[in-house]
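This report concerns only the one structure given below.
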Amino acid sequence: MFPESLNFSIRKPINHFVDMLVTNYGSTFRAISDAILQVLLLIEGVLRGTPWWVVIIAFMVLAWLGTRRVVLTIGVGIMLLVVGMLGLWDQTMQTLALMTMATLISVVIGIPLGILAAKFRSVQRIILPVLDVMQTMPSFVYLIPALMLFGLGKVPAVLATIIYAVPPLIRLTDLGIRQVDHEVVEASTAFGGSPMRILFGTELPLAMPTIMAGLNQTIMMALSMVVVASMIGARGLGETVLNGIQTLDVGKGLEAGIGIVILAIVLDRITQGFGKPRRFK
Amino acid sequence: MSMSGIQIRGVSKIFGAGADKAIALVEQGLSKAEILEKTGCGVGLRNITLDIPAGEIFVIMGLSGSGKSTLVRHLNRLIEPSAGEIFFDNTNVLTLGRKELRAFRTNRISMVFQSFALAPHKTVLQNVIYGQISRGTARKQAEAIGMEWIAKVGLSGYEHRYPDQLSGGMKQRVGLARALAADTDVILMDEAFSALDPLIRSDMQDQLLQLQRDLAKTIVFITHDLDEALRIGSRIAILKDGELVQVGTPNDILANPANDYVARFVQGRTAVHA
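Written out as structure tokens, the structure reads:
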């Protein structure tokens, strides 16, 4: 037995801290929550309000612009058509809205943090272990306090998705900028480029394939969170999966699962397409 | 435009933490190995004092690890010295603030790199006008200047190509055009021709000599190759292990090597009495 005299617990202080946040800063969190919700509802409204065939054509256009491959473009169209025929169109659009929101916020947070980590070793030293924690900590551990702070529904789902999905974007932005040919950066400096011009004109464009790989990973990880997200009230494909499992309706669960996989494939191929340098097309 | 050259005064460079302690040891005259053992610091350059006259090709020669690339990067402060001063036009370059330093780099001093260092996502023309854009020249005018230099280095018709569509020799012509288009008094050339095939290399040397005759720029040329140094240098400085061993005209160095090291270098070559 481990001696009890050596025991200590952070349980109580953490609980007090969360209680304090809820009591004292509840309105602040409510305001953040409302702001995120407004944008999310807007995205969802647009996606669900647009006729299905327009959405499919839009995705096919994106696939074509990203990859310039005919077969892949047609494949994207067919796969989305299948989702619709399975009766999952509305849920898919809800999930897509959640993904889009989580991805947007991830980009806004992740790319600047990645840049800072690449520029300052001290920032990198702090961020990397935090990212490790974010990726390994079971999501329910932060889902519950998120629920307490933001209430049930889509917003805590978005936040939980971001916590889980943003690390690869930060890591690969950092890596991408560090991997830019040192001499090219040196040349920009030697010819009088300002730090901002070097960052936006040289480093970010050259790091872009790596950053896009990070974005791709972020989207894939966000998709793997949809079932968990639906446990705290997010609608969409995850909810259907959950529903199928709860009612032992294996077929229904599988259908919605296929929907998630299709969404993943479509988003993966499109983002990968945009990540490849394509000057010679 | 005044032509006063560059004066390097007592420049030392220490790599690693705790440079102050190492500098003191450099002043006491301890060897590179001793300083490394005592402080963990590497001595990159040791008390270099050198006058680079304006309007000629000044070659800094040494083997790898001699500190020649480190030294040349001090002139435009890509590397900051641990001790010493560098004067250009009677201004101590090391006292320049951030903005002044950027203006100094865009207006006074440009650079050609060993592995070309062209931005791969920019066309030949966009690469060539980088310096002009930095100093705020309007794009149209910068492009006119760029096209002129692209023609002068013999790359007309390639201005909208990307660097990876060019051969090594052509890439370095772009590098040269970029430095020339920046219209600076001084051009630093860090092993600029070392990565090229011998024939192309000799062409580029000829072209550089011709340009120098036409433009009378101050060119600081780094090389590890004695033949190249003798061929293009008005004056040659020889570095070894971060120390300056000898400075002189090619004939001086061939006729009166300062020590065994230089003597071994120039073995078998005889001075040309012009």
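Keeping their order, the protein sequence lines are chains A and B.
Mapping the first sequence onto the working numbering, position 4 (from 1) lands on 80, and the numbers just tick up by one.
Mapping the second sequence onto the working numbering, position 37 (from 1) lands on 70, and the numbers just tick up by one.
A virtual CB, placed ideally from N, CA and C, is assigned to each residue, including glycine.
Because the structure is a prediction, the values reported are computed rather than measured.
{"Asked": "Residues bridged to B:Ser143 [DSSP beta-bridge criterion]", "Found": "B:Ile220"}
{"Asked": "B:Lys101, DSSP secondary structure in three states", "Found": "helix"}
{"Asked": "Residues of its chain near A:Ser264, where Cβ-Cβ distance is below 6 Å and the 5 sequence neighbours each way are ignored", "Found": "Ile274, Thr278"}
{"Asked": "Contact set between A:Glu331 and chain D, taken where Cβ atoms lie within less than 7 Å", "Found": "In the structure shown, chain D cannot be found, because the protein chains are A and B."}
{"Asked": "Interface partners of B:Met144 on chain A, CB under 8 Å", "Found": "Ala263, Ala266, Phe267"}
{"Asked": "Close Cβ partners of A:Val261 (< 7 Å) along its chain, the five nearest in sequence each way excluded", "Found": "Ile274, Thr278, Glu279"}
{"Asked": "Same chain, Cβ closer than 7 Å to B:Ser35, five either side skipped, listed in chain order", "Found": "Note on B:Ser35: pLDDT 49, under 50, position unreliable in the model; no value is reported."}
{"Asked": "For A:Phe78, three-class secondary structure by DSSP", "Found": "coil"}
{"Asked": "Chain-ordered neighbours of B:Thr282 on chain A, where CB pairs are closer than 7 Å", "Found": "Correct list: empty, because the minimum Cβ distance to chain A is about 29 Å."}
{"Asked": "contact_flag[the stretch 203-214 of chain B, the stretch 173-187 of chain B] where n(CB pairs < 8 Å) is 3 or more", "Found": "yes"}
{"Asked": "Residue range of the unbroken beta strand (DSSP E) whose run includes A:Val43", "Found": "Here chain A has residues from 77 to 357 only, and residue 43 of chain A is not among them."}
{"Asked": "Status (buried if at least 16 other CB within 10 Å, exposed otherwise) for A:Ala233", "Found": "buried"}
{"Asked": "Closest residue to B:Ala215 among A:Phe267, A:Asp257, A:His258 (Cα-Cα distance)", "Found": "A:Phe267"}
{"Asked": "Bridge partners - B:Lys273, DSSP secondary structure assignment", "Found": "B:Glu276"}
{"Asked": "Boundaries (first-last residue) of the beta strand (DSSP E) holding B:Glu118", "Found": "116-121"}
{"Asked": "Terminal residues of the alpha helix (DSSP H) in which B:Phe298 lies", "Found": "293-299"}
{"Asked": "Beta carbon of A:Val115 nearer than 8 Å to that of A:Leu123", "Found": "no"}
{"Asked": "Per-residue contacts from A:Thr294 into chain B (C-beta, under 7 Å)", "Found": "Chain B residues near A:Thr294: none, gap ~23 Å exceeds 7 Å."}
{"Asked": "Buried versus exposed call for A:Thr168 [16 or more other C-beta atoms within 10 Å across all chains shown]", "Found": "buried"}
{"Asked": "Proximity to B:Glu89 [Cα-Cα], best of B:His257, B:Ala296, B:Leu248", "Found": "B:Leu248"}
{"Asked": "Given A:Asp250 as reference, the closest of A:Thr294, A:Phe196, A:Thr237, A:Phe226 once Cα atoms are compared", "Found": "A:Phe196"}
{"Asked": "Reduced DSSP secondary structure (H/G/I, E/B, other) of A:Leu251", "Found": "helix"}
{"Asked": "C-beta atoms of B:Val44 and B:Ile93 nearer than 8 Å", "Found": "no"}
{"Asked": "Interface residues of chain A facing B:His154 [CB-CB closer than 7 Å]", "Found": "Pro281, Leu282"}
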